[in-house]
Amino acid sequence: MSESTDRPRHFIQQIIDADNASGKWGRWSASDAGDTAAPGPVGDAARARLGKPRVHTRFPPEPNGYLHIGHAKAICLNFGLAREFNGKFNLRFDDTNPAKEEQEFVDAIIRDVKWLGADFDPATGPHGGGLFYASNYFDRMYAWAIELIRKGKAYVCELSADEVSKRRGTPTTPGTSPFRDRPASESERLIAEMKEGRHKDGAMSVRARIDMGSPNFNLRDPVLYRIVHEEHHNTGSAWCIYPMYDWAHGFEDSLEEITHSICTLEFENHRPLYDWFINSVNEGRTDDGSGPWGKKIHHPQQIEFAKLLFTYTVLSKRNLRRMVEDRIVQSWDDPRMPTLSGYRRRGYTRESIWALTEDVGVTKFDSVIDILRMENACRDHLNKVAPRRMAVLDPVKVVITNWADAGDPARVEWMDAVNNPEDESKGTRKVPFTRELYIEREDFMEEPPRKFFRLAPGAEVRLRYGYWVRCTGFKKDPSGRIEEIHCTYDPQTRGGDNPPPGPDGVVRKVKGTIHWVSADPRHALRAEVRLYDRLFAAEEPGKRTGNFVDDLNPRSLSIAHAVLEPALASVGPDEPAWEDGIRRFQFERHGYFCIDKDSKESAMVFNRTIGLKDSWGKESKG
RNA sequence: UGGGGAUUGGUGUAACGGUAGCACGACUGACUCUGGAUCAGUUAGUCUAGGUUCAAAUCCUAGAUCCCCAGCCA
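Per our numbering, residue 325 is the first one in the first sequence, and the count goes up by one each step.
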């Protein structure tokens with residue numbers, strides 16, 4: 325069930341194809357295929373999996389911040405592979421450093437991964453492998469550390485962090501530690517003391533005895549355990565020594581029987597260590613578990629790919645954290661943030677994020693993606709599914725001066741407006757047309773430049789789904805600002821249709837169509853609309869000065885007080901059942917908007933997700 | 001300076017010794033009741049220098065450039 329049959333296969337898919345062909349990872353058995361008796365897709369997938377080659381991936385974030393769009397690539401990649409090969413996908417918290425991790429981040433990450441649709445729950449997801457915590461493996465990791473000490477492959481080192489650093493050596497000269505030949509029995513006693521809390525932070529560490537002269541610094545006797553007297557969000561105060569990433573990660577993968585351990589490029593230098601740790605535990609172990617050390621442990625394959633970077637965007641957790649802490653943005657889910665929760669609140673759909681990650685591909689090349697592609701992916705999706713509505717963001721009043729000619733000047737004419745021109749099945753809705761309307765202030769110009777197709781003195785324009793109107797005059801307030809525009813309408817253009825040919829046989833044409841809403845207080849709906857622009861004005865924030873704050877876009881947020889058509893007051897029958905519950909719309913000629921979580925029935929708040937492509941805006945500026 | 005990776009139009013990505021293709025962008029034009037969408041077209045590329053070969057983006061040699069590594073972070 326490959327969803328990418330017509331796409332070239334990327335290098336990780338090719339590796340898995342080869343593994344499946346050679347049977348490298350064995351096959352799903354009755355004990356690990358999943359619940360074959362479960363109803364629905366979960367049971368279907370489990371039954372289909374039985375006897376097929378194993379593919380088991382995972383997404384292993386540290387809960388020290390919110391997930392950002394870069395993480396989405398890793399999630400979609402790992403989950404996508406599990407789905408493509410009918411395997412399993414785990415969410416695992418790599419929570420080995422209590423000093424940086426918090427429950428808030430655990431909760432946020434779970435929310436975001438679920439939002440993307442990477443269902444890790446075996447009860448609900450056909451590819452759900454489960455939710456795991458590295459911290460639940462601490463006891464087993466500790467036992468393996470003892471094993472390495474007994475095998476002469478690890479020792480307790482009493483050098484301070486500073487000393488370790490000083491004695492690490494240089495690329496061409498080896499490092500040293502006076503403790504690396506300490507007897508195993510002594511190290512074993514000391515690690516026990518460390519674990520019991522008899523030593524202060526930094527007093528000693530457990531190190532692997534590998535190669536102090538290796539050109540790969542990761543192999544110069546890396547630290548396995550450090551002493552950290554801190555509460556852990558999951559294990560509380562049960563531990564005061566914590567495993568380092570390198571020591572922990574391979575075992576986490578091994579215990580969960582991950583087949584392909586996919587990570588980013590900066591871990592390439594760690595792969596020899598990843599393998600060394602597992603191989604060292606396996607040394608002396610046997611396939612059947614006979615012998616003093618027991619059964620061999622599973623050895624996954626680490627594969628590295630290039631992470632996602634964007635123009636006009638900052639993605640390092642350190643900097644994102646700073647933006648929140650320094651109040652540059654209001655929160656982790658500020659709609660300007662490149663976090664998944666920011667994108668979600670902004671109105672981006674999960675489908676557009678999936679489309680983007682598939683669009684950019686998977687390689688080992690450090691590429692920088694133009695943020696336009698993210699924006700376009702969002703427009704593409706929303707264009708297909710977002711209900712259309714009319715909203716005037718910066719209103720100016722229009723009075724139809726000949727409205728009384730055809731009857732009661734207070735009458736309301738209900739016009740039919742198309743809900744989605746991309747999807748006829750969505751039908752139409754009624755919008756009220758009245759004597760007084762609002763149009764966009766920028767849709768009128770007293771002295772229009774060339775190629776301005778909108779309203780101007782003497783000019784005629786179509787009011788979308790309404791009537792054609794001709795501007796006959798306008799009023800200014802004392803400051804010279806347009807206060808009111810006077811128009812006549814042509815009753816023969818009802819619904820926006822072309823008028824019949826004139827007596828001379830010529831069909832009158834109009835270049836422009838503009839949107840509008842009724843100014844009648846019974847219809848006009850008021851709302852706050854938050855207009856977002858890019859957070860950074862520079863393609864590479866911080867490149868010039870070294871400080872990304874210098875490139876902040878001062879106009880990344882502006883507030884409009886808009887008037888909306890009345891249909892927006894309630895949920896329309898044409899609105900899709902958004903899986904995340906966020907109502908999204910296209911405001912015609914403006915862009916895509918969603919209802920913000922701050923919105924109340926009495927005081928609606930919208931976020932602009934992304935504007936429409938605007939070729940006039942480009943031309944008029946250029 | 002030691003080690004590990006990488007390099008194809010403006011951007012991203014295919015081609016795995018045999019026609020350098022696709023997508024996005026940009027630019028034309030058509031159509032249009034969203035200056036949107038859609039449709040048609042144009043544009044532009046193998047880091048450099050040698051070599052092997054009938055044939056090289058692909059193999060070999062040398063070089064250039066970029067990224068990662070000397071945390072008791074992940």
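Even glycine gets a Cβ: it sits at the ideal position worked out from N, Cα and C.
This one's a predicted model, so the numbers in the text were calculated from it and none came from an experiment.
Using alpha carbons as the reference points, say which of the options lies closest to residue i.
i       : options                        : result
Arg373  : Pro363, Pro387, Asp650, Gly411 : Gly411
Leu440  : Asp341, Ile393, Arg642         : Ile393
Val552  : Thr420, Leu579, Asp545, Arg533 : Thr420
Asp767  : Glu760, Pro773, Leu779         : Leu779
Tyr1030 : Lys942, Val834, Ile434, Ile470 : Because residue 1030 is not part of the residues shown, which for the chain are 325 to 946, the question remains open.
Ala315  : Pro567, Ala447, Glu517, Phe417 : Because residue 315 is not part of the residues shown, which for the chain are 325 to 946, the question remains open.
Lys937  : His810, Arg703, Arg818, Asp343 : Arg703
His557  : Lys775, Gly375, Asp418, Asp368 : Asp418
Pro416  : Phe403, Tyr856, Arg913         : Note that residue 416 is Arg in the sequence shown here, rather than Pro. When only C-alpha atoms are compared, the closest one is Phe403.
Phe909  : Met698, Gly935, Ile534, Thr360 : Gly935
Gln427  : Trp563, Val895, Glu555, Ser353 : Glu555
Gly493  : Thr448, Glu748, Leu543, Glu471 : Leu543
Lys800  : Ala927, Thr817, Arg765         : Arg765
Glu592  : Asp570, Trp738, Ser926, Pro900 : Asp570
Arg854  : Pro900, Val929, Pro865, Lys775 : Val929
Asp694  : Asp341, Asp545, Leu680         : Leu680
Quick one: give me the first and last residue of the beta strand (DSSP E) that residue i is part of.
i      : result
Met698 : Counting along the chain, Met698 falls outside any beta strand (DSSP E), though it belongs to the alpha helix (DSSP H) covering 695-709.
Arg786 : 784-787
Leu401 : No beta strand (DSSP E) holds Leu401; the alpha helix (DSSP H) holding it covers 393-408.
Tyr390 : Looking at the DSSP string, Tyr390 is not in any beta strand (DSSP E), and its letter there is neither H nor E.
Val605 : No beta strand (DSSP E) holds Val605; the alpha helix (DSSP H) holding it covers 595-606.
Asn931 : 928-935
Val736 : Where Val736 is concerned, there is no enclosing beta strand (DSSP E), given that its DSSP letter is neither H nor E.
Val841 : 840-842
Phe917 : 915-919
Thr588 : 584-588
Pro422 : Careful: Pro422 lies outside any beta strand (DSSP E) and carries neither H nor E.
Lys412 : 412-417
Pro825 : Neither: Pro825 is in no beta strand (DSSP E) and is coded neither H nor E.
Thr381 : 380-383
Lys721 : 719-724
Arg908 : 908-911
Val547 : 547-551
Compute the beta-carbon to beta-carbon distance between residue i and residue j, rounded to the nearest angstrom, for a pair I have assumed lies under 8 Å.
i      : j      : result
Trp349 : Pro384 : That belief does not hold up - the Cβ atoms of Trp349 and Pro384 are roughly 19 Å apart, past 8 Å.
Lys721 : Glu771 : Not quite, the Cβ-Cβ distance comes to about 20 Å (not below 8 Å), so this is no contact.
Gly574 : Tyr598 : 5 Å
Leu849 : Ala884 : Rounded, the Cβ-Cβ distance is 14 Å, inconsistent with contact.
Ala851 : Val755 : With 8 Å as the limit, Ala851 and Val755 do not qualify as a contact, their Cβ atoms being about 16 Å apart.
Gln626 : Arg668 : Not quite, the Cβ-Cβ distance comes to about 31 Å (not below 8 Å), so this is no contact.
Phe860 : Tyr636 : 5 Å
His839 : Arg913 : 5 Å
Leu644 : Gly389 : 6 Å
Leu386 : Lys475 : In the sequence as presented, Leu is not what sits at residue 386; that position holds Glu. No, Glu386 and Lys475 are not in contact; Cβ-Cβ is about 29 Å, not under 8 Å.
Met518 : Ile565 : 5 Å
Lys688 : Asp898 : About 45 Å; that fails the 8 Å criterion.
Phe413 : Arg382 : 7 Å
Counting along the chain, where does the alpha helix (DSSP H) carrying residue i start and finish?
i      : result
Thr681 : 674-684
Tyr569 : 569-579
Ser665 : 664-670
Tyr856 : Per DSSP, Tyr856 belongs to no alpha helix (DSSP H); it is in the beta strand (DSSP E), 849-856.
Glu428 : 427-440
Ala369 : 364-373
Asp341 : 335-346
Would the stretch 631-648 and the stretch 594-605 be scored as touching if the rule is three or more Cβ pairs under 8 Å?
Too few Cβ pairs lie closer than 8 Å, so no.
If you pair each beta-carbon of the stretch 466-483 with each one of the stretch 502-509, do three or more pairs fall below 8 Å?
When C-beta atoms of the stretch 466-483 are compared with those of the stretch 502-509, three or more pairs fall below 8 Å, so the two segments count as touching.
Are there three or more Cβ pairs, one per stretch, closer than 8 Å when the stretch 906-923 is compared with the stretch 667-674?
Output reads yes: the stretch 667-674 touches the stretch 906-923.
Which runs of the alpha helix (DSSP H) fall wholly inside the stretch 618-653 and span at least 4 residues, in chain order?
Those alpha helix (DSSP H) runs which fall completely within the stretch 618-653 and span 4+ residues are 641-649.
Which runs of the beta strand (DSSP E) spanning at least 3 residues fall entirely within the stretch 448-534, listed in chain order?
Within the stretch 448-534, the complete beta strand (DSSP E) runs of at least 3 residues are 452-457, 478-481, 529-532.
Hey, which unbroken runs of the beta strand (DSSP E) at 3 residues or more fall wholly within the stretch 867-905?
List check, beta strand (DSSP E) in window: 881-888.
Examine the Cβ distances between the stretch 710-719 and the stretch 732-751 and report whether three or more of them are shorter than 8 Å.
Yes: at least three Cβ pairs fall under 8 Å.
Pairs of beta-carbons, one from the stretch 831-846 and one from the stretch 795-810, closer than 8 Å: are there three or more?
Remark: fewer than three beta-carbon pairs, one from each stretch, lie closer than 8 Å, so the stretch 831-846 and the stretch 795-810 are not flagged as touching.
Could you tell me which whole alpha helix (DSSP H) segments of length 4 or greater appear in the stretch 748-791?
Within the stretch 748-791, no run of alpha helix (DSSP H) reaches 4 residues while sitting entirely inside it.
Tell me whether the stretch 580-593 and the stretch 614-626 touch, counting them as touching only if at least three CB pairs, one residue from each stretch, are closer than 8 Å.
Yes, since at least three Cβ pairs between the stretch 580-593 and the stretch 614-626 fall closer than 8 Å, the two stretches touch.
Where are the alpha helix (DSSP H) runs, 4 residues long or more, that stay fully inside the stretch 790-816, in chain order?
Qualifying alpha helix (DSSP H) stretches: none in this window.
Does the contact criterion of 3 or more C-beta pairs under 8 Å hold for the stretch 356-372 versus the stretch 436-452?
Yes: the two stretches touch, three or more of their Cβ pairs being nearer than 8 Å.
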